[in-house]
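Participant: Numbering (UniProt numbering), first residue to last: 1 to 259.
Below is the structure I would like to discuss, written out as C-alpha cells.
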C-alpha cells in the first residue's frame with residue numbers, strides 16, 4: 001500500500017539562519033535568481049510551511065516584477081527601484097531567500113530621506129498573462145505629460161502646482177536647485193500680458209516700480225555667483241525689466257535670469 005503524502009503545517013514565522021532574520025507572512029524578501037548575473041527576485045511571502053518535523057521549509061510567494069520583466073518593458077517614467085505586484089504565485093525553498101526588503105507605497109517612497117538597497121516601491125498591480133496594469137491610468141505631469149519618476153528632479157509651479165522637468169522648461173538641474181520660487185509659463189502669461197499692456201507706453205520707470213514688478217513675478221537673479229548690494233540689485237532689476245519690456249518679451253522671462 002502506497003504511503004500517503006506527509007502532512008505539512010503552516011508556520012507563523014521562521015528564522016533564516018543564513019541571514020539571521022525572522023520572516024513571516026506579509027514580509028517582502030529578495031530571493032536568489034536562477035542566474036547569478038541577474039538581479040535578485042522580489043517577492044511577498046503569503047505563507048510559510050514545513051513538514052511534520054519542522055524541516056523542508058517552503059515559502060508560498062507572490063512575485064513582484066521589475067519593469068523590464070513586463071510585456072511592455074521598462075519605460076522612461078519607471079523608477080530604478082520600481083516593481084509591480086503580479087498575479088504570479090509560486091512555492092520556493094526558504095533557503096533561496098537572501099535578504100528581507102521593504103516594498104513601499106509610491107507616496108511613502110517619495111517621502112524617504114534616503115533610499116537603501118533594500119527599498120523598493122510599487123504603484124501598479126500587473127497581470128502577467130495579459131500585460132495589463134491596475135490602475136490602468138495614472139496622473140501625468142510637465143509639458144511632456146509623463147507619469148512621475150521619483151528618480152528625476154522636478155520643480156513645482158506655485159501657481160498651478162504642476163511639476164516640471166528642468167530640461168522641459170529649458171533649465172539645468174543646477175539652476176532649478178537654486179530657485180526659491182517657480183511659476184510656469186501658463187501661470188505667468190496672463191499677469192505678464194496685463195503688466196506689459198499697462199506699461200508699454202512708458203519707459204521712464206523708477207527703480208522701485210521695476211523692482212516691485214520683478215518681485216511680483218518671482219524672478220531670481222544671479223550675478224556670476226556674486227552677492228549684490230541692495231542698490232546694485234535694484235539697478236539690475238530696472239535694466240533687465242526695461243530691456244525685456246522694450247523687446248516685448250516679458251512673458252518669456254519666466255523664472256530665472258543669469259547675468
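Even for Gly, the Cβ is constructed at its ideal location relative to N, Cα and C.
Here the structure is a predicted model, which means the values were calculated and not measured.
Report all residues from its chain with a CB closer than 6 Å to the CB of residue 103; omit the five preceding and five following residues, and keep chain order.
Facilitator: Working through the chain shown from its first residue, we reach residue 103 at position 103. Same-chain partners within the cutoff: 28, 120 and 122.
Participant: Roughly how many whole angstroms lie between the Cα atoms of residue 107 and residue 88?
Facilitator: Residue numbering aside, residue 107 sits at position 107 when the chain shown is read from its first letter. Residue numbering aside, residue 88 sits at position 88 when the chain shown is read from its first letter. C-alpha separation (whole angstroms): 25 Å.
Participant: Assign residue 82 to buried or exposed, taking buried as 16 or more other Cβ atoms, counted over all protein chains shown, within 10 Å of its Cβ.
Facilitator: As a working mapping, residue 82 is identified with position 82 in the chain shown. Burial call: buried.
Participant: Thinking just about the alpha-carbon of each residue, which of 86, 74, 162 and 97 is nearest to the one in residue 24?
Facilitator: Taking the chain shown and counting its residues from 1, one reaches residue 24 at position 24. Closest by alpha carbon: 97.
Participant: Assuming residue 42 contacts residue 92 (C-beta within less than 8 Å), just tell me the rounded distance between them.
Facilitator: Sequence index remark: in the chain shown, residue 42 carries index 42 (1-based). Sequence index remark: in the chain shown, residue 92 carries index 92 (1-based). Going by Cβ atoms, the distance from residue 42 to residue 92 rounds to 13 Å, so no, they are not a contact pair.
Participant: Less than 9 Å between the C-beta atoms of residue 30 and residue 118, yes or no?
Facilitator: Locating residue 30 in the chain shown gives position 30, where the first residue counts as 1. Locating residue 118 in the chain shown gives position 118, where the first residue counts as 1. Their beta carbons are under 9 Å apart, which means residue 30 touches residue 118 by this criterion.
Participant: Which term fits residue 166, buried or exposed, when burial requires 16 or more other beta carbons within 10 angstroms of its beta carbon?
Facilitator: Counting from 1 along the chain shown, the entry for residue 166 is found at position 166. Classification for residue 166: buried.
Participant: So within the region 157-184, which uninterrupted alpha helix (DSSP H) runs reach at least 4 residues, ignoring any that extend past its ends?
Facilitator: Listed in chain order, the complete alpha helix (DSSP H) runs (minimum 4 residues) inside the region 157-184 are 173-178.
Participant: Going by the DSSP bridge assignment, what does residue 30 pair with across the sheet?
Facilitator: Position 30 of the chain shown, counting from 1, holds the residue named residue 30. According to DSSP, residue 30 bridges with 42 and 99.
Participant: Within the same chain, show all residues whose beta-carbon is closer than 7 Å to that of residue 12, passing over the 5 residues directly before and after it, in chain order.
Facilitator: As a first step, residue 12 must be located in the chain shown, where it is residue number 12. Cβ within range, chain order: 24.
Participant: Using the Cα positions of residue 76 and residue 178, report the straight-line distance between them to the nearest angstrom.
Facilitator: Sequence index remark: in the chain shown, residue 76 carries index 76 (1-based). Sequence index remark: in the chain shown, residue 178 carries index 178 (1-based). Looking at the two C-alpha atoms, the distance is approximately 26 Å.
Participant: Drop a sphere of 10 angstroms on the beta-carbon of residue 215, count the other beta-carbons inside from all chains shown, and report buried for 16 or more, exposed for fewer.
Facilitator: As a first step, residue 215 is located in the chain shown; it is residue number 215 there, counting from the start. Unreliable placement is indicated for residue 215, whose pLDDT of 49 sits below 50; the coordinate value is still reported in the next sentence. When all chains shown are included, residue 215 counts as exposed.
Participant: Relative to the C-alpha of residue 64, which residue among 22, 184, 146 and 86 is closest?
Facilitator: The count along the chain shown starts at 1 and reaches residue 64 at position 64. Nearest of 22, 184, 146 and 86 to residue 64, Cα basis: 86.
Participant: What three-state label does DSSP hand residue 21 in the structure shown?
Facilitator: Counting from one through the chain shown, the residue named residue 21 turns up at place 21. Reduced to three states, the DSSP call for residue 21 is strand.
Participant: Check the DSSP bridge columns for residue 48 and list the partner residues they point to.
Facilitator: Along the chain shown, read from residue 1 onward, the residue named residue 48 stands at position 48. Residue 48 pairs with 11 and 59.
Participant: From residue 248 to residue 79, what does the alpha carbon distance come to, in whole angstroms?
Facilitator: Position 248 of the chain shown holds residue 248. Position 79 of the chain shown holds residue 79. With a pLDDT of only 45 at residue 248, under the threshold of 50, the placement of this residue in the model should not be trusted; the figure read from the coordinates follows. Distance between the alpha carbons of residue 248 and residue 79 is about 41 Å.
Participant: Check the DSSP bridge columns for residue 91 and list the partner residues they point to.
Facilitator: One-based indexing of the chain shown puts residue 91 at position 91. In the DSSP output, where bridge partners are listed per residue, residue 91 has 60.
Participant: Return the first residue and the last residue of the alpha helix (DSSP H) that residue 106 is part of.
Facilitator: Stepping through the chain shown from its first residue, residue 106 is reached at position 106. Counting along the chain, the alpha helix (DSSP H) containing residue 106 begins and ends at 106-110.
Participant: Report back the beta-carbon spacing between residue 49 and residue 110 to the nearest angstrom; my notes put them in contact at under 8 Å.
Facilitator: The residue given as residue 49 occupies position 49 in the chain shown. The residue given as residue 110 occupies position 110 in the chain shown. Their Cβ separation, rounded to whole angstroms, is 36 Å, which puts residue 49 and residue 110 out of contact at 8 Å.
Participant: Looking at the structure shown, is residue 16 part of a helix, part of a strand, or coil, going by DSSP?
Facilitator: Mapped onto the chain shown, residue 16 falls at position 16. Reduced to three states, the DSSP call for residue 16 is strand.
Participant: Roughly how many angstroms lie between the CA atoms of residue 154 and residue 67, to the nearest whole one?
Facilitator: Working through the chain shown from its first residue, we reach residue 154 at position 154. Working through the chain shown from its first residue, we reach residue 67 at position 67. Spanning the two alpha carbons is a distance of roughly 22 Å.
Participant: Indicate the three-state DSSP secondary structure (helix, strand or coil) for residue 153 in the structure shown.
Facilitator: In the chain shown, the residue the question calls residue 153 occupies position 153. In the structure shown, residue 153 sits in coil (DSSP, three-state: anything other than H, G, I, E or B).
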